[in-house]
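Peer 1:
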Amino acid sequence: DALVKVDGSSTVYPITEAVAEEFQKAKKGAVKVTVGISGSGGGFKKFCRGETDISDASRPILEKEMKACAEAGIKYVELPVAFDALTVVINPKNTWVKELKVEELKKMWEPGAQGKIMTWNQVNPAWPNAPLKLFGPGADSGTFDYFTDAINGKEKASRGDFTASEDDNVLVQGVSRDVNALGYFGMAYYAENKDKLKAAAIVNKGSSKAVLPSLETVMAGTYQPLARPIFIYVSEKAMQRAEVREFVEFYLKNAPKLVKEVGYVPLSQAHYSQALKNFTSKKLGTGFGGTPEVGVKVEDLLAREAKL
Amino acid sequence: MNTAPSVAEVRALIVKHKRWDLAFAVIGTLALMVGILTFVALFADMLIDGMPRLNYDFLTSFPSRRPEQAGILSAWVGSTLVMLVTAVAAVPLGVAAAIYLEEYAPKNWVTEIIEVNVTNLAGVPSIVYGLLALGLFVYQFGLGQSILAAGLTLALLILPVVIVATREAIRSIPSAIREGAYALGATRWQMVSQHILPYSIPGILTGVIIGMARAIGETAPVITIGALTFIAFLPPTPISGAFPFLSFEWLTAPFTVMPIQMFNWTSRPEAAFQANAAAAGLVLLVMTLSMNALAIYLRYKLRKNIQW
Amino acid sequence: MTSTVAGIPAIATVPPIVSHRLARRHTRHIKERIIEFFLFLAAASSVFTTFAIVYILVSESWVFFQQVPLRDFLFDTQWTPLFSDAHYGIMVLLSGTLVSSSVALLVAIPLGTIIAIYLSEFAPFTVREVAKPFLELLGGVPTIIYGYFALLFVTPLLQKIFPELPGFNLLSAGMVMGIMIIPYVSSISEDAMRAVPMNLREGSYAMGATRFQTALRVVTPAALSGIAAAYILGISRAVGETMILAVAAGMQPNLTWNPMEPAATVTAYIVQVALGDLPHGSIGYQTIFAAGLALMLITLFFNILGHLLRKYYRQAY
Amino acid sequence: MVATPIVEVTSAANPQQSKVLKAEVVDLNFHYGSVQALKGINMPLYEKHVTALIGPSGCGKSTLLRCFNRMHDLYPGNRYEGRIKLHPDDTNLLDPKVDPIEVRMRISMVFQKPNPFPKSIYENVAYGLRVRGVSKRSVLDDKVEEALSGAALWGEVKDRLRDLAFNLSGGQQQRLCIARALATDPEILLFDEPTSALDPIATASIEELIGDLKNKITILIVTHNMQQAARVSDFTAYMYIGELVEFDATDTIFIKPKNKQTEDYITGRFG
Amino acid sequence: MVATPIVEVTSAANPQQSKVLKAEVVDLNFHYGSVQALKGINMPLYEKHVTALIGPSGCGKSTLLRCFNRMHDLYPGNRYEGRIKLHPDDTNLLDPKVDPIEVRMRISMVFQKPNPFPKSIYENVAYGLRVRGVSKRSVLDDKVEEALSGAALWGEVKDRLRDLAFNLSGGQQQRLCIARALATDPEILLFDEPTSALDPIATASIEELIGDLKNKITILIVTHNMQQAARVSDFTAYMYIGELVEFDATDTIFIKPKNKQTEDYITGRFG
Ligand SMILES: Nc1ncnc2c1ncn2[C@@H]1O[C@H](COP(=O)(O)OP(=O)(O)OP(=O)(O)O)[C@@H](O)[C@H]1O
Ligand SMILES: Nc1ncnc2c1ncn2[C@@H]1O[C@H](COP(=O)(O)OP(=O)(O)OP(=O)(O)O)[C@@H](O)[C@H]1O
Ligand SMILES: [Mg+2]
Ligand SMILES: [Mg+2]
């Protein structure tokens, strides 16, 4: 039986699920695809043991995992498949926040803020003297890593006294019920809960314009620095199997439509073509070299020298 | 000295005391209602949210990115099969352990250690069982990410409950029955297999059901050992057309279970998926309920013949 | 032996002679021994499971403790192992576990015990037979449902009473957990109470005691060891519960003894990290084994304590 | 088949001086669900005398005894007919309007198997008083000592009143149960085969105790031991399959019973 | 304090024709943990005769009886010293090397409280045979009928063999337990107060049964009922606090016991 095994991040899951569903339909059941959600870390663990063909990842592969893969002789191609735009949300009754600067976010979220920055007016004197209630994903998540890196300048550098949840719907509940709340999570959750939440416009450092997250702004690259690419990693060994190759090609070709459908932001058509080229030419390795970074342009990434 | 109170005094005293009887009867009824009403509320809530989604298609469709097309076929089949393995593994093992502890074990420190051990295992977080099983069943024993591995993991999880319930059931068998059997020349095993075991079945059933109710709702350990989330095919059927008509291939098949489907849906942004989750919860509850009902009925039937 | 030598069948009414029986005894003995051995293996499997768990926890924690001094682990007041400024104070998670379990038990133990006494001593037969299995269903509701029940129903309700209560808190999670645990406490306690011999009750009633007096002063103390077993199972369940807390308690490592605050617990932390995006084998990932080990040692301590207590209180009738 | 129950004491040779009626069983029928266990019982109970109930196993001795303190009310399906009149106030013990708790506060019982509560010796004896709302320490202390002395147990336990009652021997436990019953100053004391689980020495001490108690209390005792009945009782009732066959002064019953069946039973020719 | 145990039957006036030794208790001590319950017991058991064990409660009657089928092996901490020799093959029943199961296959027991298994009447009686590996239907059928007839129960139950044994009355249940024991053709049958829970009619039928059985089997019976001992037994042993005070032909024991204490007990002056 032709079987393609995918596992990894729950953030990437909805996209892979959509692709798998369509692929199976297109193949009329001749190829089976399975998708799991054991997290980016759990996914890479299996991937580097050779148990899965493709790994979903909401962050680039890290040094430890590269080593594990190298030791097991697993080589891979890194393919960005979509953007996940982190959205900073506030309660709809919040009247004072019109836009947010990265510096303001940093003031709220940096490690030094813990126990000190407890009211809104401490961040910006124009804001009321109301308690500041923060919500965010757990420190184990790729989202958290990216956000801290982008805002505080250092990965995993964050204050710890905020309400965390792995389940973004829980965060939605939290922010929607508290006027003084501020939180961040993937754009899809904001898009589905526009009646309960308000997105904050983030001031783009380059243009100094406040930008709201949307399909257009993210694709145009103006919603920065909070838009991050998410990936799939394909094992070289698995690529030798026709069904895996077909699945990945199907993935990249149908991504523009399917990514949008499940609430994420697709890359540009050019990116997908480049990714497909990288894939067919077996451009092995990661463009990150084992350390995540913020604000990479996808075209740069795809063009980079890859490292195993 | 005679301090015996007069009849009138006694009557006054009784009236006073009986107030407590009445008060407690009220408090007891209220306490009972707290439990039962909570259950009813939970059930009603799920019913309201999930009822519209509960139809034949929901039960016979595979997962999908479109909430209205998504179903739980692979999940309920997976859950059923995993529960089958769990029951087949946990019941004999738990019952045997309980029999050893009640009927064979000498009263010494070894037995005491085993006893403490059993209660201690009841408090180990389920995810730790998952981690254990990943190392032991999946890798060490090479069972892979299969129904078999999942069933065995959950069996370990509920073992303490089965053991405790069985021990209680065995303890309630009067020693006169044991002595009667021994006095006729029965060996210990004859006594156990022909008397202790059949007479304690009702109690064992209770333990199994309580344990299975817990097992069927567990997610974390099952994900850890590699249950999938998207899987659009069923395991091979256990009954094959050719000799020997029974096939055990399904044991090694990839799978998903109900709670994983539910958790995935609850964490999705689209509101329609929340309805799916409620409907799945309802189905899960009905599965648990019917297991319970079956056991309560069996217990009732069997108990009629056994009274001391 | 003799009877079979010449192939003459033994006469049916005469019991088989002794030496004949002795011949069968040997195989019988071996068979019994083999069966006993297998039963022992089954019982020992629980010990084996524990050893396997301890082995995994200890061997993985080993790596952890080589990088984190035990002193920091035990006495640091912050738990931020995944942050750039990492602290490893397990007290933080243990306080969350302790507070949420305490709240749960403050709900489950009184309610469960009252229900047990009510069902065993007060309720009419039909109420008892119907209510008990119904109540037992509470233990079978998927815990994620309880989690959202706490978050979306109980917390808002509590906020009407305590307007200061944050949206995520240990209180509502603990209370709902308590309701989930009720059947563990009530069913097993009720069994224990029903097993109290009738003659003790008769003794009390014969003294002129009311139902309530009898239930409280005679039946309950007499069933104490069984009730203790029920409590211990309930406590174990509370300590090991995950999803309710992960959803409703806020997952915020917070060294607090105040149930009105959000906090993270050991189990919720373990699940979160085990299924998160962290690379396996990193020090951050390794923390879950150290946390699991700490929790296991604490429950072990309580279990041994409970075992000794029960041994002390166990009474034969 | 069985002779008409004889209710009046016909023996003139009654060894006791005064005979005041304490209670009176009148036309008592008792049913365990559909099983009738007592049939038309009529029997007097004299104040400050010991009355023994004898008869073969299953004849209804315990059933009759337990009617006196409404013990049957604890189980569903049991049904009384007839009356047990308690003098001097003429209450019908079996009247549904009479609270069984009130009855039990006036009439205490000691069971066949000692059934101490899982509490200290002191608390066991004080139990009846606590149930009656007594909580003053000095009153309790006095009463406990008095009751334990009355049950011939004070000397053996006075230094270990805080010990668990289970740590006493069987005979001591039974005397503890008697002390527990005595502490509440009952008007009638019921004994259901109080010595059948005891060794001869404990039995002797309890029989002696009953001899002392009858100066103060009315006693009704069930025994399967003819010798014991002969030793401790003033009156004896012989029962057979739910009926009262003969009631008379103990001496009369044992020396020249009116009824052939009674004689057969007592001499061991039957039962 | 207690007279030296008398082991030999001294009465010349033995009513039975032949006296063959079936078993012999020699210097038997028995300990429940640290409690010594039997002290230096010596006693014969004659084939096809009924021997009764009497004595006050707690004297060790049941304990001695249960040594005969090694019932004490079931509980930890119990200890035998001395021997019980089984004739004619001269096995020491108490020898640790002798398999207790073998002993129980040769010596059956009926308990004080009827303890039928929660199975059908048929399966209850057939159980002993099944344990012995008999599974042929016709053999079982024959044996079950034979045993039930032997226990005087066949007539009452022959049409309801598939019924649950619990649905029988107490007396029927006890006879069922006797049938269960009989079905295995035991060499010795032990009875521990078999009628103490029964009504007089059931008691009479079981006593009659014992009278019949002794033509085929050696019987040892414990009873707290002197009259019963007198009625059913050929030999009587009187025990007191773990010692055998007197053993003799029943007539001798009841008419002119050698020992003052025995006499006191039998005439009801004591215990
Ligand atoms: N709970 C009950 N339900 C039905 N019948 C009962 C119940 N208790 C006793 N009986 C029956 O009532 C009759 C009288 O029983 P009771 O216990 O009074 O006898 P007893 O004279 O005390 O006998 P013993 O000397 O054995 O104690 C017996 O036939 C018995 O089987
Ligand atoms: N399991 C036990 N552990 C310790 N002592 C015991 C045990 N069983 C019985 N005894 C003691 O051994 C002694 C003899 O008991 P046994 O049961 O043989 O008496 P019995 O003569 O059968 O009395 P009864 O007529 O009351 O049945 C008693 O003092 C009793 O307390
Ligand atoms: Mg009685
Ligand atoms: Mg006995």
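Protein chains in written order, with my numbering: chain A, 709 to 1016; chain B, 299 to 606; chain C, 3 to 319; chain D, 7 to 277; chain E, 7 to 277.
Don't be surprised by glycine CBs; every beta carbon is placed ideally from N, CA and C.
Quick check: is any heavy atom of ligand 1 less than 7 Å from the C-beta of His230/E?
Peer 2: Position 224 of the fifth sequence holds residue 230/E. No.
Peer 1: If you draw a straight line from the alpha carbon of Ala58/D to that of Ser239/D, how long is it in whole angstroms?
Peer 2: On the fourth sequence, position 52 is the one that residue 58/D refers to. On the fourth sequence, position 233 is the one that residue 239/D refers to. When rounded, the distance between both Cα atoms is 6 Å.
Peer 1: How many Å lie between Ala158/D and Arg512/B at the Cα?
Peer 2: By 1-based counting over the fourth sequence, the position of residue 158/D is 152. By 1-based counting over the second sequence, the position of residue 512/B is 214. If you take the alpha carbons of Ala158/D and Arg512/B, they lie about 57 Å apart.
Peer 1: I'd like the ranges of any alpha helix (DSSP H) spanning at least 4 consecutive residues and lying wholly in the stretch 46 to 100 of chain E.
Peer 2: Within the stretch 46 to 100 of chain E, the complete alpha helix (DSSP H) runs of at least 4 residues are 67 to 74.
Peer 1: Classify Pro106/D as helix, strand or coil using the three-state DSSP reduction.
Peer 2: The count along the fourth sequence starts at 1 and reaches residue 106/D at position 100. Helix, per DSSP.
Peer 1: Rounding to the nearest angstrom, what Cα-Cα distance links Thr224/D and Tyr52/D in this structure?
Peer 2: One-based indexing of the fourth sequence puts residue 224/D at position 218. One-based indexing of the fourth sequence puts residue 52/D at position 46. Answer to the nearest angstrom: the Cα atoms are 7 Å apart.
Peer 1: Which residue's Cα is closest to the Cα of Lys1005/A: Lys985/A, Leu992/A, Leu934/A and Tyr941/A?
Peer 2: As a working mapping, residue 1005/A is identified with position 297 in the first sequence. Here the closest residue by C-alpha is Leu934/A.
Peer 1: Use the C-beta contact count for Phe291/C: other C-beta atoms within 10 angstroms, 16 or more gives buried, fewer gives exposed.
Peer 2: For the purposes of this step, residue 291/C is identified with residue 289 of the third sequence, where counting begins at 1. Per the 10 Å Cβ criterion, buried.
Peer 1: Counting Cβ pairs, one atom from each stretch, are 3 or more of them under 8 Å apart for the stretch 197 to 207 of chain C and the stretch 387 to 394 of chain B?
Peer 2: Segments in contact, no.
Peer 1: Once DSSP output is grouped into helix, strand and coil, what is the label at Leu159/E?
Peer 2: Here the question's residue 159/E lines up with position 153 in the fifth sequence. Of the three classes helix, strand and coil, the one that applies to Leu159/E here is coil, per DSSP.
Peer 1: Less than 7 Å between C-beta atoms, sequence neighbours within five positions excluded: which residues of the same chain meet that for Trp160/D?
Peer 2: For the purposes of this step, residue 160/D is taken as residue 154 along the fourth sequence, with counting starting at 1. These residues qualify, in order along the chain: Glu151 and Leu154.
Peer 1: Inspect the beta-carbon positions of Ile537/B and Phe435/B and report whether they are closer than 8 Å.
Peer 2: For the purposes of this step, residue 537/B is taken as residue 239 along the second sequence, with counting starting at 1. For the purposes of this step, residue 435/B is taken as residue 137 along the second sequence, with counting starting at 1. No, the Cβ-Cβ distance between Ile537/B and Phe435/B is not below 8 Å.
Peer 1: Quick check: what's the CA-CA separation for Thr856/A versus Leu813/A?
Peer 2: Taking the first residue of the first sequence as 1, we reach residue 856/A at position 148. Taking the first residue of the first sequence as 1, we reach residue 813/A at position 105. Roughly 10 Å between the two C-alpha positions.
Peer 1: What would DSSP say about Gly252/C, mapped onto helix, strand or coil?
Peer 2: Numbered from 1 along the third sequence, position 250 holds the residue referred to as residue 252/C. Reduced to three states, the DSSP call for Gly252/C is strand.
Peer 1: Does Thr51/C have its Cβ less than 8 Å from a Cβ in chain B?
Peer 2: Locating residue 51/C in the third sequence gives position 49, where the first residue counts as 1. Yes, Thr51/C lies at the interface with chain B (some Cβ there is under 8 Å from its Cβ).
Peer 1: Are the beta-carbon atoms of Trp548/B and Ile445/B separated by less than 8 Å?
Peer 2: Here residue 548/B refers to the residue found at position 250 of the second sequence. Here residue 445/B refers to the residue found at position 147 of the second sequence. In contact: Trp548/B and Ile445/B (Cβ atoms closer than 8 Å).
Peer 1: Is it buried or exposed for Pro185/C, if we count other Cβ within 10 angstroms and need 16 for buried?
Peer 2: On the third sequence, position 183 is the one that residue 185/C refers to. Buried: at least 16 other Cβ atoms inside 10 Å.
Peer 1: Rounded to whole angstroms, what's the CA-CA distance from Asp1008/A to Ala847/A? Just pull it up for me.
Peer 2: Position 300 of the first sequence holds residue 1008/A. Position 139 of the first sequence holds residue 847/A. Distance between the alpha carbons of Asp1008/A and Ala847/A: 28 Å.
Peer 1: Which value, in whole angstroms, describes the spacing of the CA atoms of Arg566/B and Pro365/B?
Peer 2: Walking along the second sequence from the start, residue 566/B turns up at place 268. Walking along the second sequence from the start, residue 365/B turns up at place 67. About 10 Å.
Peer 1: Does the beta carbon of Phe870/A sit closer than 8 Å to a beta carbon anywhere in chain C?
Peer 2: Here the question's residue 870/A lines up with position 162 in the first sequence. With 8 Å as the cut-off, Phe870/A counts as an interface residue toward chain C.
Peer 1: In the DSSP output, which residue or residues are listed as bridge partners for Pro788/A?
Peer 2: On the first sequence, residue 788/A is found 80 positions in, with the first residue counted as 1. In the DSSP output, where bridge partners are listed per residue, Pro788/A has Phe939/A.
Peer 1: What does a CB cutoff of less than 6 Å around Trp37/D pick up in its chain, not counting 5 residues either side in sequence?
Peer 2: The residue labelled residue 37/D in the question sits at position 31 within the fourth sequence. Here residue 37/D is His; the residue named in the question, Trp, does not match the sequence. Same-chain partners within the cutoff: Arg85.
Peer 1: For Pro261/C and chain A, any beta-carbon pair shorter than 8 Å?
Peer 2: Taking the first residue of the third sequence as 1, we reach residue 261/C at position 259. Pro261/C does not count as touching chain A.
Peer 1: Using the C-alpha atoms, what's the distance from Tyr595/B back to Gly579/B?
Peer 2: On the second sequence, position 281 is the one that residue 579/B refers to. On the second sequence, position 297 is the one that residue 595/B refers to. Looking at the two C-alpha atoms, the distance is approximately 24 Å.
Peer 1: When you compare the CB of Ala793/A with every CB in chain B, is at least one pair closer than 8 Å?
Peer 2: Locating residue 793/A in the first sequence gives position 85, where the first residue counts as 1. Ala793/A does not count as touching chain B.
Peer 1: Considering His315/B, what are the terminal residues of the alpha helix (DSSP H) in which it resides?
Peer 2: Looking up residue 315/B in the second sequence gives position 17. From DSSP, the alpha helix (DSSP H) with His315/B extends over Val305 to Gly348.
Peer 1: Within the chosen definition, does the stretch 164 to 181 of chain E reach the stretch 120 to 127 of chain E through at least 3 CB pairs nearer than 8 Å?
Peer 2: Counting Cβ pairs under 8 Å, three or more are found: they touch.
Peer 1: Could you give the DSSP three-state label for Gly210/C: helix, strand or coil?
Peer 2: Position 208 of the third sequence, counting from 1, holds the residue named residue 210/C. It is coil, neither helix nor strand.
Peer 1: Under three-state DSSP, which class holds Thr724/A?
Peer 2: Taking the first residue of the first sequence as position 1, residue 724/A is located at position 16. Residue state, collapsed to three classes: helix.
Peer 1: In chain C, which residues lie less than 8 Å from Ser114/D when you measure between Cβ atoms?
Peer 2: One-based indexing of the fourth sequence puts residue 114/D at position 108. The contacting residues are Ala208 and Met209.
Peer 1: What does a CB cutoff of less than 8 Å around Leu468/B pick up in its chain, not counting 5 residues either side in sequence?
Peer 2: Residue 468/B sits at position 170 when you count from the first residue of the second sequence. A small fix is needed here, since residue 468/B is Ile in this sequence, not Leu. Cβ neighbours of Ile468/B beyond the five flanking positions: Ala396, Ile397, Glu400, Glu401, Ile494, Ser498 and Gly501.
Peer 1: Under 7 Å Cβ-Cβ, which residues of chain B neighbour Glu108/D?
Peer 2: Working through the fourth sequence from its first residue, we reach residue 108/D at position 102. Correct list: Val308, Arg309 and Ile312.
Peer 1: Can you determine whether any heavy atom of ligand 2 sits closer than 7 Å to the C-beta of Ser68/E, and answer yes or no?
Peer 2: What you label residue 68/E is simply residue 62 of the fifth sequence in a count that begins at 1. Checking every heavy atom of ligand 2 against the Cβ of Ser68/E, one is found closer than 7 Å.
Peer 1: With a cut-off of 8 Å, do at least 3 Cβ pairs link the stretch 746 to 757 of chain A to the stretch 279 to 299 of chain C?
Peer 2: Touching, per the Cβ criterion.
Peer 1: Label Leu299/C either buried or exposed according to how many other C-beta atoms from any shown protein chain fall within 10 Å of its C-beta, with 16 as the threshold for buried.
Peer 2: The sequence position of residue 299/C within the third sequence is 297, counting from 1. By the 10 Å Cβ count, Leu299/C comes out exposed.
Peer 1: Just the C-alpha distance for Glu811/A and Leu960/A, rounded to the nearest angstrom, thanks.
Peer 2: Residue 811/A sits at position 103 when you count from the first residue of the first sequence. Residue 960/A sits at position 252 when you count from the first residue of the first sequence. About 37 Å.
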